[in-house]
Amino acid sequence: MDPFLLEALLNGVLLGGVFALPVLGLNLIFGVVDVIWLCYAELVMVGMYAVWFLYTQAGWPLFLAFAICLPLVALLGILLHLLVVRPLLSAPPINQVLATGGVLFVLQGAATLVFSTEFRSLGVEMPPMELGEVFVSGTKLAAFVAALVGAAVLWAFLKFTYVGTAIRAIARDREVMPLMGVDPRRIYLIASAAGGALAGLAACLLVVQLDVHPFVGLSFGPITFMICVMGGLGNMLGGFLAAFLMGLIVSVGGFYGSTDLSYVVAFLFFILVMFFRPQGLFTR
Amino acid sequence: MSAGARLELSGIQAGYGDFQALFGVGLHVEPGEAVGVVGPNGAGKTTLLRVISGLIRPTAGTLRFDGQDLAVLPAHELPGLGIAHVPENRRLFPHLTVEENLKVGAYTPSARPHFRQRRDYVYTLFPRLKQRRHQLAGTMSGGEQQMCAIGRALMSGPRILLLDEPSAGLAPLVVQQVFELVRRIRQEGLTVLIVEQNVAQVLRVVDRAYVLETGRVAAEGSSAALAEDPAIRRSYLGGH
Amino acid sequence: MTPRAFRTMKDMALPILVLALLACVPLLSPPDYLMHVLITVLLTALAGTGWALMGRYRLVSFGHGAFLGIGAYTMGLLWNYYGISPWIGVPLGVAAAVVAGLLLGYPCFQFRVVGHYFALVTLAAGEIVRILIIALRDVTGGSLGMTPHQASPGDAFAAMQFGKAGFWWIALVAWALGLLAWRLLDCSMASRALAAIAEDEDAAASIGIRVTRTKLMVTALSCALAALAGALTGQYRMYLNPESLAGLGISLQIVFGAIAGGMFSIIGPTIGALITIGLEESLRIAFGTQFTGAAALVYGILLVLFMIFLPRGIAGLLERPPRASTGRKAPAEGTVPVA
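Protein chains in written order, with my numbering: chain A, 13 to 296; chain B, 2 to 241; chain C, 817 to 1155.
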């Protein structure tokens, strides 16, 4: 096989890993709270700025900046829930989405105000690694591994802990939860924190690969929504798989055509899936 | 099983929005008793249980368990007090395994340390559940799901068990098994309040029963007395 | 579409009077800056009105930017590469957008893609247009944008390159067309069909309403208005770029404007445009370019507050409560209809 094609496939898998985290986060929130955080990519953007700032401006060690990023964005997730989502829990879904859309503007505006529209780079790069015939960016590989670890931690949390099991339960039957002593409001907060933490982790992965600027969310936000829905809204495993599928489409499409057009192909693919299997590719 | 406590309702009014379902209902359940609530469809039986377990707030009346006013507490605190409600239609989590369903039942902090012990007890009560412990709850038969739902409720170590129409949608043989189980649980000393449409079956299991009709208590008495009552026999027992 | 809309002279008189008055504005020689702001308001209002035509019937699109872009770039490309006058280019752009809207809408409606899913499909469509514009950068100029060729003074009219006064009238006519379209729709049987569909699609189908066809009709109208707004904006600014004419950012701004003003009222999106543009300009006047980003920040906070406290927008405050006798109730709880 053409080593460049192989490289494209490999990069597609790595890209999928990066998409996977925001997709898992979005699905978690949707499954539990039944709300779409339209501003999810902007939460990631805030995390990216946090890491960039702490590392390049405040001189913190990189790992410390990473470590702080997760709880920071988790806190942001909690605030988002308390201030914006909770007041609208019984409102029509489109109002909820629009309100989080408002937060999207708030975060973009705040970032512009504080950091201006300049592109900021972390300036960290790991040397490319050689795997057989192909070269792979060291940073991308590290990011991929971190994403898998994050997904694994999430899976373990959902599978083995009481709260995690309750989260999986509430996604299907909200009403009956109090009968088992589960306070839905607390579960929403925990899920919001977890969703935020996942966004924070995604930020750590992305900040080493992309330049930060206030509108960076628009470059990966829409596609993560597409992936979420393609995998089946609320379906964690489906979203996870769909992320890799899209990563491959984008990467292989970029190999045969241009990167821009590969995104067009990816979006068209999404639209087609919506016509034929709107419930998601991987839903039972 | 934990020591029982008294459940007491008086003058309960409740409904859904503009629609009132209960008009001043009163009843009591003594520790260790098994009490039934029977009546036709739409009488308000399910509403009654939902009021007790906190899913609906009464608009008037008092609701006490072990002397404690339940109406002021949020619903999710009631299992901690010892009230376990097996809802109508089971309401298991179909995408979770049997054991995971039981786990959710043990969610309250006071129940978690006893998870293993209670789970094993549930498995001795329902050996078939043990066989299916890693099976998805949604793939089980109606009777097995009912066992699982009851088992899930038992995981919180309740002092009173509320059962909403346990025979609904089940074949007669399975219904027998379910009520047999209820009898066994009773024997262990658990207080039980059963809402049922299958009057014949439930009267064989409970000590006393109330008859609820259009949101009001129309009759009450020992199960023996009610079984003999000609009006009851005519309306609910296929009369003769 | 019946002439019932114009049955009474009274019905007609007020709008015509208002339009006539507005048409006279340039005669007062207002400052260029003010004209610029007002023209922008009219074109933004047109886009919002177009969006709200669908939005009020639960066809919430997060990708209306696509139609702005198709309208604008069709016109711009035809002018720059083929010298085709915008007087022809704009209608062609509108037609292209309508075709695109129908192509997207038909399978959506046939396959019952509604609610969240419809919103996301439209989002994808908006992004596709934006990315296509960027990808075809050799032709369109990509992210850097495209400038329509300046015509020589003699050809200015044919090139639709006017001063502020000329554009004011064009924008006014376009805006009025949008309102006219709204009014005609409101007075037609289609609006009742749409309301029925919005309430319960299955029930509507069962009483013989041709759901897909009705939805396609309002989609076509909505896309046409959006494309008109996009094309005129591009022409007015003499500059087109994908960020301001396609993609999620501009799509959300249109949605916000229409909702803040009140998307159930004919004048709502216009009020919304006044609010958003007014906000942006006041901030610019107050702070200059110092605080770029402040406008977005304030928009965003307002959007959240509106969703929580004023879901029917400003126009909602001015609405009369729905009359019980009409039997057609306002969408439930005075909020944006549920997806």
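Cβ coordinates follow ideal geometry from the N, Cα and C atoms, glycine included.
Could you check if residue i is buried or exposed, using at least 16 other CB atoms within 10 Å of its CB as the buried criterion?
{"i": "A:L177", "result": "At residue 177 of chain A the sequence reads Thr, which differs from the Leu that was named. It is buried - the Cβ of A:T177 has at least 16 other Cβ atoms within 10 Å."}
{"i": "B:R160", "result": "buried"}
{"i": "A:L284", "result": "exposed"}
{"i": "B:L8", "result": "buried"}
{"i": "C:T1142", "result": "Model confidence at C:T1142 stands at a pLDDT of 41, short of 50, so the residue's coordinates are unreliable; what they give is reported in the following sentence. Classification of C:T1142: exposed, given that the 10 Å Cβ count is below 16."}
{"i": "A:V157", "result": "exposed"}
{"i": "B:T215", "result": "exposed"}
{"i": "A:A215", "result": "buried"}
{"i": "A:L22", "result": "buried"}
{"i": "C:M817", "result": "Note that C:M817 has pLDDT 48, beneath the 50 cutoff, so the model's placement of it is unreliable and the number below is only indicative. Flag for C:M817 reads exposed."}
{"i": "B:Q202", "result": "buried"}
{"i": "C:C840", "result": "exposed"}
{"i": "A:T173", "result": "exposed"}
{"i": "A:Y268", "result": "exposed"}
Thinking just about the alpha-carbon of each residue, which of the options is nearest to the one in residue i?
{"i": "C:G1116", "options": "C:I1082, C:T890, C:A1076 and C:A990", "result": "C:A1076"}
{"i": "B:E31", "options": "B:G55, B:R65, B:T60 and B:A107", "result": "B:R65"}
{"i": "C:L939", "options": "C:L833, C:T1086 and C:S1067", "result": "C:S1067"}
{"i": "A:Y52", "options": "A:N23, A:V109, A:P104 and A:L21", "result": "A:V109"}
{"i": "A:G24", "options": "A:V220, A:L153 and A:G37", "result": "A:L153"}
{"i": "A:A32", "options": "A:T295, A:F287 and A:L260", "result": "A:L260"}
{"i": "B:E34", "options": "B:D230, B:A228, B:D70 and B:D208", "result": "B:D208"}
{"i": "A:Y67", "options": "A:V219, A:T295 and A:T236", "result": "A:V219"}
{"i": "A:L38", "options": "A:I235, A:D223 and A:Y268", "result": "A:I235"}
{"i": "B:G106", "options": "B:G143, B:R153, B:P80 and B:A76", "result": "B:R153"}
{"i": "C:I904", "options": "C:L1044, C:G1084, C:T1108 and C:F1072", "result": "C:L1044"}
{"i": "A:A143", "options": "A:F65, A:P15 and A:V277", "result": "Note that residue 143 of chain A corresponds to Leu in the displayed sequence, not to Ala. A:L143 has its Cα closest to that of A:P15, out of A:F65, A:P15 and A:V277."}
{"i": "C:Y1052", "options": "C:L936, C:Y873, C:M976 and C:D954", "result": "C:M976"}
{"i": "C:G1050", "options": "C:A836, C:M891, C:G957 and C:F878", "result": "C:M891"}
{"i": "B:S142", "options": "B:Q118, B:L164 and B:L171", "result": "B:L171"}
{"i": "A:G135", "options": "A:A111, A:L222 and A:G121", "result": "A:L222"}
{"i": "A:G229", "options": "A:L84, A:W64 and A:L55", "result": "A:L55"}
{"i": "C:G994", "options": "C:C1003, C:G1073 and C:A1040", "result": "C:A1040"}
{"i": "B:D165", "options": "B:R133, B:R217 and B:V179", "result": "B:V179"}
If I'm right that residue i touches residue j with Cβ under 8 Å, what's the distance once you round it to whole angstroms?
{"i": "C:A987", "j": "C:I855", "result": "5 Å"}
{"i": "C:L1001", "j": "C:L918", "result": "The Cβ separation is near 17 Å, so there is no contact."}
{"i": "B:I84", "j": "B:S54", "result": "6 Å"}
{"i": "C:L833", "j": "C:S1038", "result": "Rounded, the Cβ-Cβ distance is 28 Å, inconsistent with contact."}
{"i": "B:A38", "j": "B:V196", "result": "The residue you asked about is not Ala; residue 38 of chain B is Val in the sequence shown. About 5 Å separates the two Cβ atoms, so the contact holds."}
{"i": "B:T48", "j": "B:A22", "result": "4 Å"}
{"i": "C:A1042", "j": "C:G909", "result": "Actually they do not touch by this definition, with Cβ atoms about 11 Å apart."}
{"i": "B:L10", "j": "A:P190", "result": "With 8 Å as the limit, B:L10 and A:P190 do not qualify as a contact, their Cβ atoms being about 19 Å apart."}
{"i": "A:L217", "j": "A:V30", "result": "6 Å"}
{"i": "C:R874", "j": "C:A1014", "result": "4 Å"}
{"i": "A:L17", "j": "A:G208", "result": "Going by Cβ atoms, the distance from A:L17 to A:G208 rounds to 38 Å, so no, they are not a contact pair."}
Spatial neighbours of residue i within its chain, please: CB distance less than 6 Å, with the 5 preceding and 5 following residues excluded, ordered by chain position.
{"i": "C:A1148", "result": "Caution is warranted here: a pLDDT of 39 is assigned to C:A1148, below 50, making its placement in the model unreliable, and no coordinate value can be reported."}
{"i": "C:S1081", "result": "A1131"}
{"i": "C:G921", "result": "L1032 and T1035"}
{"i": "C:I1070", "result": "A863, G864, W867 and H880"}
{"i": "B:P231", "result": "none"}
Looking only at its chain, what residues have a beta carbon closer than 8 Å to the beta carbon of residue i, apart from the 5 residues adjacent to it on each side?
{"i": "A:N107", "result": "L100"}
{"i": "B:A220", "result": "Y211, V212, L227, D230, A232 and I233"}
Short of 7 Å in beta carbon distance, which residues of its chain neighbour residue i, apart from the five on each side in sequence? Order them along the chain.
{"i": "A:M242", "result": "A254, F282, V285, G292 and L293"}
{"i": "C:L1090", "result": "V857"}
{"i": "B:Y237", "result": "V39 and V200"}
{"i": "C:I1087", "result": "G1077, G1078, I1130 and A1131"}
{"i": "A:V277", "result": "I261 and G265"}
{"i": "B:G18", "result": "none"}
{"i": "A:W167", "result": "none"}
Could you work out which residues of chain F lie near residue i, taking near to mean beta carbons separated by less than 8 Å?
{"i": "B:K104", "result": "Considering every chain present, this structure includes no chain F. Its protein chains are A, B and C."}
Three Cβ pairs or more, each shorter than 8 Å: is that satisfied between the stretch 262-270 of chain A and the stretch 87-101 of chain A?
no
Given 8 Å, three or more beta-carbon pairs between the stretch 196-207 of chain A and the stretch 124-133 of chain B
no
Any 3 or more C-beta pairs closer than 8 Å across the stretch 181-191 of chain A and the stretch 130-137 of chain A:
no
Counting beta carbon pairs with one atom in the stretch 1060-1067 of chain C and one in the stretch 941-959 of chain C, are three or more of them shorter than 8 Å?
yes
Quick one: any contact between the stretch 148-162 of chain B and the stretch 81-95 of chain B, if contact means 3 or more CB pairs under 8 Å?
Judged by Cβ distances under 8 Å, the stretch 148-162 of chain B makes contact with the stretch 81-95 of chain B, as three or more pairs qualify.
Taking one C-beta from the stretch 882-896 of chain C and one from the stretch 1091-1099 of chain C each time, how about it: are there three or more such pairs within less than 8 Å?
The stretch 882-896 of chain C makes no contact with the stretch 1091-1099 of chain C; the number of CB pairs closer than 8 Å stays below 3.
Any contact between the stretch 1104-1115 of chain C and the stretch 110-119 of chain A? By contact I mean 3 or more CB pairs, one from each, below 8 Å.
Contact between the stretch 1104-1115 of chain C and the stretch 110-119 of chain A is present, with at least three C-beta pairs closer than 8 Å.
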